[in-house]
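Reading through the structure tokens given below for one structure.
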Amino acid sequence: MWGNPERAASLTGNDTLASLLYQVCSPAHIPWSDERWQELLHGYDVWVHMEDSHALMQQYAQSMAKHAEMSSNLAALSLHVTRMLRELVRDMRISQEGEEDMSSKTNGESFIDQPAIDDFSKRISRVAKARATAGSLQLLQLLSHPVIVHICKTANVSVDNLNDVFTYRTRGDLPLDQPAGIPLVHSILDLITAVGTNPSVLNTPELYDTVVLAFHLLFVLCGTQLYRPFESSFERNTPIHGILEAMFQQDDSDDSIEESTNLQSLWMSSRSSLSIRSSSKKSGKRVGKRRIWTPRSILQTCLQWQLDRPRAPEGSLSHYYFILANAAVNTKGGEKPGQDGIYESYMIVQATAPMSKKDIDNLGGTLSHFSTTANDVSSDGGQVASKRSSESHNIILDATKGVLTLGGKIILLPFRLVTLVVGVFAANKKGSHQLRQGEMMKKIASTSTSRTRDVLWLSNSQIADLASSLILLLANNNRNAEHNNPFRSQLKRLADNRWEDNDEGLALPDLPSLRSTEEDSFRIDDFHTEENGRRKSSVTSVCNGDYPLTLNFESLFIAFGRTLHTEVGALLLYTLLQSSPSFAESLAARSDLDTLVMPLLRTLYFASRSQTYISKDYAARRASTSPSPSHSQVLNSRYDIRSCPFRSLSQLYVNIILLLLFSQDSSFGRDAFKRVIVSDVLWYKERHLKNINLGSVLILTMLRSLVFNLSRLQDVFMLSNCCAVLMNISISVVGLHEYASMRLASVAVTIMKKHVKLDDSTPESDKGRRENQSLELEEDLSSSLEMHAEVAHTLLAVIKQSLSPDNIEENLHLIYALVYYQTDLIKLCNNKNLYSPREIERIKAVTLKASSLIQNEGARSAPKALKVLEMQIESLVAAANAADAKFPSKRRRAAGEDDFTFTYEEESDPEIFFVPYVWDIIVCCTTSTNISWKKDNIQAFSLLDGGDEDFLGDEVTPIHEAEAFADNAEELV
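Each residue of the sequence shown is one higher than the one before, starting from 2 at the first, in our numbering.
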């Protein structure tokens, strides 16, 4: 790990860097050409390890928030960071062009005596620039964050407030004021594009960290949308998020800044860069062009990183923090990965699942660009442990365990990855680590409870996760008109690049390509090189040009299979399905959708774990205090996000929407039950499921979600969409697994019993609207009675379709399950006030006939009963036909009985849900371990109420009591 974490942690007001920072954050204006800026930025090795929890940084950052507009110092710092980013980008582009020129001259031949273009001295220079840029990015992020929050608190906030803060006001040193915010954002996006064209630079630890910190700064600068009440682009007429909305502008007008000779020398501050500029002029190349990124290049780079997931190289800060996070998790009691290699707790999220054997086979054994999480954790953790003394290693283990156990919140760890590095791992001689340990405990103990549902995000490829988050932010904003969002326009034109080379042959979309899957097939396209010579001044020209965004859909499919258990992966897949018709069609043509469906079902399964629902008993007691609680009272009493076995309802919404999108295709149900066999469902706890078809796993998970929803959440959206998925696949239910068959019959009977009980307890005055009710599902699900009614009718419809004459032979296990529950089932079906004869007649006829056949043969065991049913298929089919004959097919078609296709359509203003959810993911997941967001000031999405109510008792008990907490933690250490 590079940098100086010791000095960052022990920085005091007497330090030279602290003195410089104090001057920068004061009201006094410091000209951009003042030498103090260079002295400040030379402390990059300290700033890169600094965090806003440091006492001095908190003080100085608040001072900057008050005086930024007056002093223009934040704008001056932004100009310097912009200059450093541009110089770093210029260096990478010149190096890449030199390598390409040399390669073309040598025609691929190797010359031992030919000096490398990017020789050792140039690599050292690039590393130095990357380090300085990384430290400057971190410093600017720490100082900008409070400024953004302060601006959002101001009444009548407009885009001009942000522009004023990020505008350098000249004091005579420049002829004109200089905008700094938007050029800074363009420089960050240029960096992303430049790294995308030359992915090998990510093997350099300092460059990797620079890109990560650039993403962090970019998200903070876009934070005006996070810290203000959310308004979609459909609701507002004027721009209010200047920096964010600047990325959607499709021209270079923001880059056409009036630059004096002095400011040009600022951009070109080094002799090397001046020589590069002069040489580029001679060659006719526009290396110093203000803006090189386009929406297409950003999407191409970020999506490719989703495929490749570049790992943080050893020696980088990102890699070091990844090791620390894993060490903390490994020492927390009871938190171990499941049999599938993924943690079962929603509070510990692995960014990627371990590579499955199926994925390895599809890739032809080429695994160099994919990471295997389980191996990474163990091997990397072992390497770090071997480099540390046993004493300090034990301290981090014990201290972490104490903090996590007593605090009860894994979210404490991210606060403090740097604090843990300095205070625990980096133990000094003479026992100084004990002092730092005590300071750390007091600091953590005094931290207030988080008002967001943060998770511990374990990722060895932060760049990939941050890139995916950026795609989500850009693709889900500005959707009131397609032309206003060039990123979404590019996604609409996304194409598969597997058939670009005609001589390679064609491959089916659901089969691995027969061609060699060398590393080159997974590299980013050389579209950047092609565009450098024909770049136009407008992004529109590129968006509307002849070069669509292209990716390898097979690799993208496999990548999603490893990330769909996360919120980032699920929402990114949804975004691509809704914005890219070609990608949606490619998925519809596949017959191996279990790669995507199983991670979604796994998430829904663990989100329905009643035994982890902490407040269930207390909620029941609170609901029982009211003699006749209303539906809203029951809902509020039973649902509190802090005690649920999932992070957010939005996560479940997206997962169930994806399942609904898959089930809309008629081929999905057929493939799920007939073609796709899951060899082993490792995450299913109630029973060991082996060699089970995907449809049976889907039904088991939907049943579990429905029961949990009715008993705990009572969420209408979840319930209606779960029912829609079941209805869509009901016509295809064949070969239902014996356990799934028994669960379907059992849950149906249980729900029907509850339905009848609720109906009996409902006053007669409320029953009038249900008289002569048709088979159509009610849209009003405002009460528990109506929710149980919809689920009961849905399950009856699924069972009825499974017992159709065409499906009876392949659903004997379900028929046996119905016979097993026939006493209760027949009694419930005879309630004609709730269940019409049309929906239950076939079920009753087949069940009674099967029961009669089994009794006549004297079959007293399940195998014998199934044997009898197998021999009497014709009798069962005849019973089903006789029941259907009572209701002519014309009447059934007129009633829509056989039409079970439910489709998903977005709301007219989808931003209202998706943009706040994107910010929720950014804050609580992908950046939770890196950025200390101002939780109390967030307004884009709902926060926890922050109350101190104890859900397991009647007395109010604060979650953290500083003194007691610190004492208990010290005892464990």
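The beta-carbon is built from N, C-alpha and C at its ideal position, and this holds for glycine as well.
What you are looking at is a predicted structure, and each value in this text was computed from that prediction instead of being measured.
Review point. Of the residues Leu-41, Pro-600, Ala-181, Ile-693, which one's Cα is nearest the Cα of Glu-345?
Key: Pro-600
Review point. Can you tell which of Gln-307, Val-869, Leu-41, Thr-902 has its C-alpha closest to the C-alpha of Leu-574?
Key: Gln-307
Check your understanding: What are the boundary residues of the beta strand (DSSP E) that Leu-977 is part of?
Key -> Nothing in the structure corresponds to residue 977, since the chain is present only between 2 and 974.
Check your understanding: Just the Cα atoms here: how many angstroms apart are Ala-866 and Leu-594?
Key -> Taking the straight line joining both Cα atoms gives about 34 Å.
Review point. Between Tyr-45 and Gly-136, which are expected to be in contact by the criterion C-beta below 8 Å, what is the C-beta distance as a whole number of angstroms?
Key: 3 Å
**Study point:** Closest Cα partner of His-794 within the set Ser-721, Asp-761, Asn-857
**Key:** Ser-721
**Study point:** Cβ shell of Ala-9 (< 7 Å), same chain only, five flanking positions each side left out
**Key:** The beta carbon of Ala-9 is closer than 7 Å to those of Val-47, His-50, Met-51 in its chain, skipping five residues each way along the sequence.
Exercise for review: Quick one: grab the DSSP three-state call for Arg-228.
Suggested key: Before going on, a small fix: residue 228 reads as Tyr here, not Arg. In the three-state DSSP reduction, Tyr-228 falls in the coil class, being neither helix nor strand.
Point to revise | Where Gln-60 falls: helix, strand or coil (DSSP) | key: The answer is helix: DSSP assigns Gln-60 an H, G or I state.
**Study point:** Bridge-paired residues (DSSP) for Thr-576
**Key:** None, per the DSSP bridge assignment.
**Study point:** Top-ranked residue by Cα proximity to Thr-13, from Met-58, Pro-28, Gln-24
**Key:** Met-58
Check your understanding: How about Trp-294 and Ser-929: do their beta carbons lie closer than 8 Å?
Key -> Between Trp-294 and Ser-929, the C-beta gap is not smaller than 8 Å, which leaves the two residues out of contact.
Practice item. Output the boundary residues of the alpha helix (DSSP H) element that contains Leu-41. Key: 36-42
Review point. Cα separation between Gln-226 and Ile-152?
Key: 11 Å
Practice item. Thinking Gln-250 and Leu-550 are a contact (beta carbons under 8 Å), I'd like their distance in whole angstroms, please. Key: Not really, about 19 Å apart at Cβ, beyond 8 Å.
Check your understanding: Going by DSSP, what residues sit across from Pro-180 in a beta bridge?
Key -> Thr-168
**Study point:** Where Tyr-685 sits in the DSSP three-state scheme
**Key:** DSSP places Tyr-685 in coil when its eight states are reduced to three.
Practice item. Please classify Ile-678: does DSSP put it in a helix, a strand, or coil? Key: strand
Review point. What do you reckon, are the CB atoms on Asn-882 and Pro-806 nearer than 8 Å?
Key: yes
Point to revise | Any beta strand (DSSP E) of 3 or more consecutive residues that is wholly inside the region 118-162 | key: none
Review point. Cα-Cα, which of Met-743, Val-708, Glu-787 is closest to His-756?
Key: Glu-787
Check your understanding: Is the beta carbon of Leu-80 sitting closer than 8 Å to the one on Leu-192?
Key -> no
Review point. Just to confirm, are Val-330 and Cys-926 a CB contact at a threshold of 8 Å?
Key: Against a cut-off of 8 Å, the Cβ pair of Cys-926 and Val-330 comes out as no contact.
Check your understanding: What distance in whole Å lies between the Cβ atoms of Arg-563 and Ala-354, which are believed to be in contact at a cut-off of 8 Å?
Key -> 5 Å
Check your understanding: To the nearest angstrom, how far is it from the Cα of Ala-62 to the Cα of Ser-460?
Key -> 29 Å
Practice item. Tell me the start and end of each unbroken alpha helix (DSSP H) in the region 846-919 that is at least 4 residues and wholly inside, in chain order. Key: For the region 846-919, the continuous alpha helix (DSSP H) assignments of 4+ residues that do not extend past its boundaries occur at 863-872, 874-886, 890-895, in sequence order.
Point to revise | Nearest to Arg-172 (by Cα), restricted to the options Glu-907, Met-71, Val-148 | key: Looking at the Cα atoms, Met-71 is the closest of the given residues.
Review point. Secondary structure at Lys-691, three-state DSSP: helix, strand or coil?
Key: strand
Exercise for review: Report yes if the C-beta distance between Gln-142 and Val-221 is below 8 Å; otherwise report no.
Suggested key: yes
Practice item. Using the Cα positions of Asp-672 and Leu-662, report the straight-line distance between them to the nearest angstrom. Key: 15 Å
**Study point:** Alpha-carbon spacing of Ala-941 relative to Glu-907, whole angstroms
**Key:** 20 Å
Check your understanding: What separation, rounded to the nearest whole angstrom, lies between the Cα atoms of Gln-340 and Leu-699?
Key -> 20 Å
Practice item. Please state if the CB of Arg-480 and the CB of Pro-911 are separated by a distance shorter than 8 Å. Key: yes
Practice item. Inspect the CB distances between the region 315-330 and the region 573-592 and report whether three or more fall short of 8 Å. Key: no
**Study point:** Proximal residues to Pro-338 (C-beta, below 6 Å), its chain only, five neighbours per side dropped
**Key:** Result list for Pro-338: Tyr-344, in chain order.
Check your understanding: What's the gap between the Cα of Arg-33 and the Cα of Leu-18?
Key -> It is Trp, not Arg, that sits at residue 33 in the sequence shown. Each residue's Cα considered, the two are about 17 Å apart.
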